[in-house]
Amino acid sequence: MQIVSWDSVLFHVHRERLLEASSNGLNALLYGAKTRIAVPENSDLLNIILHAIYGIPCSPFQHSVDTLMDAVCLFPRYGLKVKEHISPSLPLFNDIRYQMPLSPLLTFVVASNHELEDLAVLASAHLLALDISTMSDKMVQAINPVYLKRLFDLQTSRVNAFKRLLAVPPESHPATSKCDFIAQKALTRSWAFYTAYMLWDARADMTTGTIERTFQTLECDILCDLCKDCLKKRVKSIVIEWSELKVGRS
Numbered sequence: 016m017q018i019v020s021w022d023s024v025l026f027h028v029h030r031e032r033l034l035e036a037s038s039n040g041l042n043a044l045l046y047g048a049k050t051r052i053a054v055p056e057n058s059d060l061l062n063i064i065l066h067a068i069y070g071i072p073c074s075p076f077q078h079s080v081d082t083l084m085d086a087v088c089l090f091p092r093y094g095l096k097v098k099e100h101i102s103p104s105l106p107l108f109n110d111i112r113y114q115m116p117l118s119p120l121l122t123f124v125v126a127s128n129h130e131l132e133d134l135a136v137l138a139s140a141h142l143l144a145l146d147i148s149t150m151s152d153k154m155v156q157a158i159n160p161v162y163l164k165r166l167f168d169l170q171t172s173r174v175n176a177f178k179r180l181l182a183v184p185p186e187s188h189p190a191t192s193k194c195d196f197i198a199q200k201a202l203t204r205s206w207a208f209y210t211a212y213m214l215w216d217a218r219a220d221m222t223t224g225t226i227e228r229t230f231q232t233l234e235c236d237i238l239c240d241l242c243k244d245c246l247k248k249r250v251k252s253i254v255i256e257w258s259e260l261k262v263g264r265s
């Protein structure tokens, strides 16, 4: 049979395949003996929906993430179960995944409303810098409250983890004639000053580059080579631990 979009693009499909996928006969459009039906959606949206039903990637068409999300929001109208067509093992999930960084908040909103946890987790990794307190009431209401809380908890937990990392100063080195234990306290004091500066603006999306650049400035003020080595060792440890910190479940 044939399906025609509202902008007059023709799709050749199998009625049985569509009836099997849809719980309402594509919003009752399939009920009857017609061999051609008109669907009141544009060809891009219809193309995504049909590719999802057939389990075929639609990446060659390079649909924008906004269009992909608009199509997903239409699934319930046409009797399609969102979770059955969007999971890590299915093409549409990957189609969205590749485009998602261009609009992670929209992806997160749609994923939260349809409880697509795997997709929400991927989107949340791009929302670490999002200031939830500045979101409009309309946007907040559009997000599943459970997922919104998870995003807030994710940001908070990362900031707390960052604070814990900075709370541990560089180790001391064995005392020398040029740098005894008293002299080494200068590094500890400087560390406290620089970490206080960083914690003042601590963010969940703090980059390792920012961390390294900040402490490189401190390194320039240190005269003892052994103290510099201790500082470098501690900064390297922080950078590794921070970069390996998992985003977690959204």
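Going by the working numbering, the sequence shown opens with residue 16, and the numbers climb by one from there. Backbone N, C-alpha and C fix where the C-beta goes; we use that ideal spot for every residue, glycine too.
(message) Applying the 10 Å Cβ sphere with the 16-neighbour rule, what's the burial state of Pro116?
(response) Working through the sequence shown from its first residue, we reach residue 116 at position 101. Under this definition Pro116 is an exposed residue.
Exercise. Please name the residue in Asp220, Ala219 and Leu181 whose C-alpha comes closest to that of Thr203.
Key: Counting from 1 along the sequence shown, the entry for residue 203 is found at position 188. Of the candidates Asp220, Ala219 and Leu181, the one whose C-alpha sits nearest the C-alpha of Thr203 is Leu181.
Quiz prompt | Coarse secondary structure for His141, derived from DSSP in three states | solution = The residue given as residue 141 occupies position 126 in the sequence shown. It is coil, neither helix nor strand.
**OP:** Return the bridge partner residues of Leu25 from the DSSP annotation.
**Re:** To locate residue 25, count along the sequence shown from 1; it is residue 10. Paired residue(s): Val19.
Which class does Ala157 belong to by DSSP, given the choice of helix, strand or coil? For the purposes of this step, residue 157 is taken as residue 142 along the sequence shown, with counting starting at 1. DSSP places Ala157 in helix when its eight states are reduced to three.
Query - Through-space distance from Ile111 to Glu130, alpha-carbon basis - result: Here residue 130 refers to the residue found at position 115 when the sequence shown is read from its first residue. Here residue 111 refers to the residue found at position 96 when the sequence shown is read from its first residue. Their Cα atoms are separated by approximately 15 Å.
task = Note the first and the last residue of the continuous beta strand (DSSP E) segment covering Ile52.
result = To locate residue 52, count along the sequence shown from 1; it is residue 37. Element bounds for Ile52: Arg51 to Ala53.
**Request:** Using the Cα positions of Leu45 and Leu34, report the straight-line distance between them to the nearest angstrom.
**Result:** Taking the first residue of the sequence shown as position 1, residue 45 is located at position 30. Taking the first residue of the sequence shown as position 1, residue 34 is located at position 19. Near 7 Å, if we compare the C-alpha coordinates of Leu34 and Leu45.
Helix or strand or just coil, what does DSSP make of Thr171?
The residue you call residue 171 lines up with position 156 of the sequence shown. Of the three classes helix, strand and coil, the one that applies to Thr171 here is helix, per DSSP.
ask   = Quick one: what's got a C-beta closer than 8 Å to Ala144's C-beta in the same chain, skipping five residues either side?
value = As a working mapping, residue 144 is identified with position 129 in the sequence shown. Arg218, Ala219 and Asp220.
Can you determine whether any heavy atom of the ligand FAD sits closer than 8 Å to the C-beta of Ala140, and answer yes or no?
Of the ligands one can find in the structure shown there are none, so the ligand FAD has no counterpart to examine.
Q.
Arg173 and Leu260 - do their beta-carbons sit closer together than 9 Å?
A. One-based indexing of the sequence shown puts residue 260 at position 245. One-based indexing of the sequence shown puts residue 173 at position 158. For Leu260 and Arg173, yes; Cβs fall inside 9 Å.
Sequence-distant residues of its chain with Cβ nearer than 6 Å to Ala157 (five each side left out)
Counted from its first residue, the sequence shown places residue 157 at position 142. So the list reads Val124, once near-sequence residues are dropped.
message: Does Met221 come out as helix, strand or coil in the three-state DSSP assignment?
response: For the purposes of this step, residue 221 is taken as residue 206 along the sequence shown, with counting starting at 1. If DSSP states are grouped into helix, strand and coil, Met221 belongs with coil.
Is the separation between the beta-carbon of Phe177 and that of Ser187 shorter than 9 Å?
Reading the sequence shown from its first residue, position 162 is the one you call residue 177. Reading the sequence shown from its first residue, position 172 is the one you call residue 187. No.
message = By alpha-carbon positions, which one of Ile101, Leu169 and Ser205 ends up nearest to Leu238?
response = Mapped onto the sequence shown, residue 238 falls at position 223. Minimum Cα distance to Leu238 is reached at Ser205.
Open item on the list: What does the alpha-carbon distance come out to for the pair Pro103 and Phe208?
Closed with: Stepping through the sequence shown from its first residue, residue 103 is reached at position 88. Stepping through the sequence shown from its first residue, residue 208 is reached at position 193. Spanning the two alpha carbons is a distance of roughly 45 Å.
Does DSSP put Ser116 in a helix, in a strand, or in coil?
On the sequence shown, position 101 is the one that residue 116 refers to. Reading off the sequence shown, one finds Pro at residue 116, where the question assumed Ser. Pro116 falls in the helix class under three-state DSSP.
Own chain residues within Cβ distance below 7 Å of Met150, not counting five before or after: As a position in the sequence shown, residue 150 is number 135, starting the count at 1. Nothing meets the Cβ criterion.
Distance, Cα to Cα, Ile52 vs Leu41? Locating residue 52 in the sequence shown gives position 37, where the first residue counts as 1. Locating residue 41 in the sequence shown gives position 26, where the first residue counts as 1. For Ile52 and Leu41, the distance between alpha carbons rounds to 11 Å.
Practice problem: Indicate the three-state DSSP secondary structure (helix, strand or coil) for Thr229 in the structure shown. | Solution: Sequence index remark: in the sequence shown, residue 229 carries index 214 (1-based). In the structure shown, Thr229 sits in a helix (DSSP, three-state: H, G or I).
Exposed or buried, which one is Arg249 when buried takes at least 16 other CB atoms within 10 Å?
Position 234 of the sequence shown, counted from the first residue, corresponds to residue 249. It is buried - the Cβ of Arg249 has at least 16 other Cβ atoms within 10 Å.
key: Pair within 9 Å by beta-carbon distance, Thr14 and Leu233   = Coverage of the chain is limited to positions 16 through 265, which leaves residue 14 absent and any answer about it impossible.
Which of helix, strand or coil does DSSP assign to Lys193?
Residue 193 sits at position 178 when you count from the first residue of the sequence shown. Lys193: coil per DSSP, three-state reduction.
Delimiting residues of the alpha helix (DSSP H) encompassing Arg249 = Here residue 249 corresponds to residue number 234 of the sequence shown, with the count starting at 1. Element bounds for Arg249: Asp240 to Glu259.
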